[in-house]
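Asker: So the sequence shown is numbered by numbering that gives the first Met the number 0: it starts at 0 and just counts up by one. C-beta: ideal position from N, C-alpha, C; glycine also. In this text, all values refer to a predicted model and were calculated from it rather than measured experimentally. Before I ask anything, here is the structure I am working with.
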Amino acid sequence: MLTELIRKEILEHLMSLRFAIACVLCFVVILCSLFVRLQDYDAAMKDYHENSARLKKQLADLEKGHPWSIIWGGVEVIQRPNPLKVFVRGVDPGNGMAARVNGFQPARLHRNESLNRLVQLFPAMDMVSFVGVIMSLLAIVFGYDAVCGEKERGTLRLMLSYSVPRDTVLLGKWIGGYVTLVLPFILAILAGAAVVMTQADVALTVEQWHRFAAIAGLALLFIAAVYSMAVWVSSVTPRSSTSIMVLVTIWLIAILAVPNLSPYLAQAWREGENPVEAQKAQLAVLWDLWQREVDAPMKEYDRQHGFVGEHWWENVDWNVWEGDGEKKGLKDGYERSAFEDQCETRAHRLSIEMFRKLDEKSVRSLDPQIELGRWISRVSPFSCFALAATELTDTGVLQKRQFLNQLHDYQLKLCDFAFARVAKRDQVRLERQSTDRNFDWAKETPGAPPAFVYTPPAGSEYAKAVLLDAGILTGMALVFLMLSYVSFLRYDVR
């Protein structure tokens, strides 16, 4: 009996206008969105290759130059564009993060401006917004009259007169309607994946394809939750007109209002650290650190060794190695420079560690607010799906923090490289007692500055990030289905 009921529901939906509209919407929106986002990805890859060649030349030039140019000028870091962003836009509209890393300021991400201007003017709908908006509306359209519509047509009373169990009727309606609803979506997603496979520049790894499949599975859970809600509302309302009005109201609140209001509600409930005040405090701490580690030791050194006045180099005879009484020699100048380099090296290392600690403190102060916003937004099934999808595609908070943490590690590694070259220069000058101030960096301290290599999160990190949201979506689908069952048992079919 269940099989016949499922077949009946599927055939009715296949012959309906709503199914034809669903097919057109799924294929047109997904393929058009992919076309625009693939154009943006091609532009991002072109910029990435051009910038990579420029940065490679920059690193080669830094090998021959003074290491303080690394400390003060820094090295630019550009992340390779993420191919999964052709499916999911994520928290950052750009594709690929970029930053400038040096030794005197915190490592900060800045937007990699490689977007197609067409995308900036008319943002293309990605998979998350398509599933959250269009597929949720289609789920309502397919389910709003599942029970009350049959009652209005008189077929529900006729069906139950044949002693068919109500749970079998409801289950047949749910399975038949859900299968018909997700069929256009699955076919459109497969067509989109096939289009991406034909693009030579968009090379997804096997692991990335697995994550894409997981996103599709989460989308099916989200659709099941919304469809179950529609069937439940249909089983508690006497008329289909009432059902559709109730469902549209719920849709506006759950899909549009809750996800957009949750960050502001969390901010009003829990205040985080003020970024302007945090930056002022950071500059004050940096100033105090520099005064303590560089200025004060150098003043004491000059006092003990007879370097008088701010322009100490005027007291040095740069043409002789040993000094002659009050007049300092080249050795004295080099020794002072070596001591100053040691002080500045220590100050830079401490400032880098301070930057990291302050950033971690800032993140910790915002974590309660962000987590509260997440929990408020999870009232909406759309938020659960969006949070999980962005993490699976490396476009969410997890990947951004991972990138920033590795950027901090690279900052220290890069500065250690520069500090080691400075120390080597000071050692060579003193050992050789040379008056030649033209130091061959490439010959005396061979080796290019280290390059930044990003390591993505492990697979277990993705699982932990999405497990909760997947569980909530599954729970919502089951709860609404059980509510539908309880309501249908008491439903008046007359």
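1) Measure the C-alpha to C-alpha separation of His48 and Met134 and round it to an integer number of angstroms.
2) For the beta strand (DSSP E) holding Ala97, just list the boundary residues, first then last.
3) Would you kindly report the start and end of the unbroken alpha helix (DSSP H) that includes Ile252?
4) Measuring CA to CA, which of Ala199, Phe418, Thr392 is closest to Ser68?
5) Using the three-state DSSP reduction, which class does Arg107 fall into: helix, strand or coil?
6) Taking the alpha helix (DSSP H) that Val362 falls in, what are its first and last residues?
7) For Val74, write down the residues that DSSP places opposite it in a beta bridge.
8) Which residues in the same chain have their Cβ closer than 7 Å to the Cβ of Gly89, if we skip the five residues on either side of it in sequence?
9) Using the Cα positions of Ala346 and Trp71, report the straight-line distance between them to the nearest angstrom.
10) Which first and last residues belong to the alpha helix (DSSP H) in which Ala65 is found?
11) Taking buried to mean at least 16 other C-beta atoms within 10 Å of its own C-beta, is Met96 buried or exposed?
12) Could you pull the start and end residues of the alpha helix (DSSP H) that Asn81 belongs to?
13) Would you call the segment 197 to 212 and the segment 247 to 263 in contact, with 3 or more CB pairs under 8 Å?
14) When the Cβ atoms of the segment 140 to 149 are set against those of the segment 168 to 184, are three or more pairs found closer than 8 Å?
15) Below 8 Å, how does it come out for the segment 395 to 411 and the segment 275 to 293: are there three or more Cβ pairs, yes or no?
16) Tell me whether Tyr263 sits in a helix, a strand or coil according to DSSP, three-state version.
17) Rounded to a whole number of angstroms, what is the C-alpha to C-alpha distance between Gly175 and Leu30?
18) Is the Cβ-Cβ distance between Phe221 and Leu83 less than 8 Å?
19) Is the segment 345 to 364 close to the segment 165 to 173, with three or more CB pairs under 8 Å?
20) Using 8 Å for Cβ pairs, my map puts Arg269 next to Leu371. What's the rounded Cβ distance?
21) Is Tyr333 buried or exposed, if buried means 16 or more other CB atoms sit within 10 Å of its CB?
22) Could you check what DSSP says for Phe306 in three-state terms: helix, strand or coil?
23) DSSP three-state label for Phe18, please.
24) Which of the three DSSP states is assigned to Ser113 in this structure?
25) Leu397 and Ala464: beta carbons closer than 8 Å?
26) Would you call the segment 43 to 59 and the segment 74 to 81 touching, i.e. three or more CB-CB distances under 8 Å?
27) With a CB to CB cut of under 8 Å and the five nearest residues on each side skipped, what residues in its chain are close to Cys342?
28) May I ask which residues mark the beginning and end of the alpha helix (DSSP H) holding Asp294?
29) Is Tyr461 helix, strand or coil by DSSP?
30) Would Phe479 pass as a contact of Gly131 if the rule is Cβ separation under 8 Å?
31) On the three-state DSSP scale, how would you describe Val163?
32) What does the Cβ neighbour count give for Trp374, buried or exposed, with the cut at 16 atoms within 10 Å?
33) What are the boundary residues of the alpha helix (DSSP H) that Val421 is part of?
34) Name the two residues that bound the continuous alpha helix (DSSP H) containing Tyr226.
35) Which residues mark the beginning and the end of the alpha helix (DSSP H) in which Arg6 is found?
36) In three-state DSSP terms, what is Pro456?
Answerer: Taking the definition as stated:
1) The residue labelled residue 48 in the question sits at position 49 within the sequence shown. The residue labelled residue 134 in the question sits at position 135 within the sequence shown. In a straight line, the C-alpha of His48 is about 37 Å away from that of Met134.
2) Sequence index remark: in the sequence shown, residue 97 carries index 98 (1-based). Segment 96 to 100, the beta strand (DSSP E) holding Ala97.
3) Within the sequence shown, residue 252 is the residue found at index 253, counting from 1. Run containing Ile252: none; DSSP gives neither H nor E here.
4) Locating residue 68 in the sequence shown gives position 69, where the first residue counts as 1. It is Phe418 whose Cα lies nearest to the Cα of Ser68.
5) The sequence position of residue 107 within the sequence shown is 108, counting from 1. Annotated three-state conformation of Arg107 is strand, per DSSP.
6) Residue 362 sits at position 363 when you count from the first residue of the sequence shown. Val362 -> alpha helix (DSSP H) spans 329 to 376.
7) Locating residue 74 in the sequence shown gives position 75, counting from the first residue. Val74 is bridged to Val100.
8) Within the sequence shown, residue 89 is the residue found at index 90, counting from 1. Thr389, Thr392, Thr394, Gly395, listed in sequence order.
9) Position 347 of the sequence shown, counted from the first residue, corresponds to residue 346. Position 72 of the sequence shown, counted from the first residue, corresponds to residue 71. Rounded to whole angstroms, Ala346 to Trp71 spans 13 Å at the Cα level.
10) If you number the sequence shown from 1, residue 65 lands on position 66. For clarity, residue 65 is His in the given sequence; the question names Ala instead. His65 -> no alpha helix (DSSP H), and no H or E assigned at all.
11) For the purposes of this step, residue 96 is taken as the residue at position 97 of the sequence shown. That one is buried.
12) Against the sequence shown, residue 81 aligns to sequence position 82. Looking at the DSSP string, Asn81 is not in any alpha helix (DSSP H), and its letter there is neither H nor E.
13) No, they do not touch.
14) Yes, the segment 140 to 149 touches the segment 168 to 184.
15) Flag = no, the segment 395 to 411 and the segment 275 to 293 do not touch.
16) For the purposes of this step, residue 263 is taken as residue 264 along the sequence shown, with counting starting at 1. Helix.
17) Numbered from 1 along the sequence shown, position 176 holds the residue referred to as residue 175. Numbered from 1 along the sequence shown, position 31 holds the residue referred to as residue 30. Spanning the two alpha carbons is a distance of roughly 26 Å.
18) Mapped onto the sequence shown, residue 221 falls at position 222. Mapped onto the sequence shown, residue 83 falls at position 84. No, the Cβ-Cβ distance between Phe221 and Leu83 is not below 8 Å.
19) The segment 345 to 364 vs the segment 165 to 173: no contact.
20) Counting from one through the sequence shown, the residue named residue 269 turns up at place 270. Counting from one through the sequence shown, the residue named residue 371 turns up at place 372. 6 Å between Cβ atoms; contact.
21) In the sequence shown, counting from the first residue as 1, residue 333 sits at position 334. Looking at its Cβ environment, which holds 16 or more other Cβ atoms inside 10 Å, Tyr333 is buried.
22) Here residue 306 corresponds to residue number 307 of the sequence shown, with the count starting at 1. Coil at Phe306, not helix or strand.
23) Position 19 of the sequence shown, counting from 1, holds the residue named residue 18. Here Phe18 sits in helix by DSSP.
24) The residue labelled residue 113 in the question sits at position 114 within the sequence shown. Residue placement at Ser113 is flagged as unreliable, the pLDDT there being 46, under the threshold of 50; a coordinate-derived value is accordingly withheld.
25) Position 398 of the sequence shown holds residue 397. Position 465 of the sequence shown holds residue 464. Yes, the Cβ-Cβ distance between Leu397 and Ala464 is below 8 Å.
26) Contact holds: three or more Cβ-Cβ distances are below 8 Å.
27) If you number the sequence shown from 1, residue 342 lands on position 343. Contacts found: Glu292, Val293, Pro296, Met297.
28) Translated into the one-based positions of the sequence shown, residue 294 becomes position 295. Element bounds for Asp294: n/a, residue is neither H nor E.
29) As a working note, residue 461 is residue 462 in the sequence shown. Correct three-state label for Tyr461: helix.
30) The count along the sequence shown starts at 1 and reaches residue 479 at position 480. The count along the sequence shown starts at 1 and reaches residue 131 at position 132. At the C-beta level, Phe479 and Gly131 stay beyond 8 Å of one another.
31) Walking along the sequence shown from the start, residue 163 turns up at place 164. If DSSP states are grouped into helix, strand and coil, Val163 belongs with coil.
32) Here residue 374 is taken as the residue at index 375 of the sequence shown, counted from 1. Burial call: exposed.
33) As a working mapping, residue 421 is identified with position 422 in the sequence shown. Here the alpha helix (DSSP H) through Val421 covers 396 to 431.
34) To locate residue 226, count along the sequence shown from 1; it is residue 227. Element bounds for Tyr226: 205 to 233.
35) As a working note, residue 6 is residue 7 in the sequence shown. Bounds of the alpha helix (DSSP H) holding Arg6 are 1 to 13.
36) Counted from its first residue, the sequence shown places residue 456 at position 457. Look at Pro456 here: in three-state DSSP terms it is coil, with no helix or strand label.
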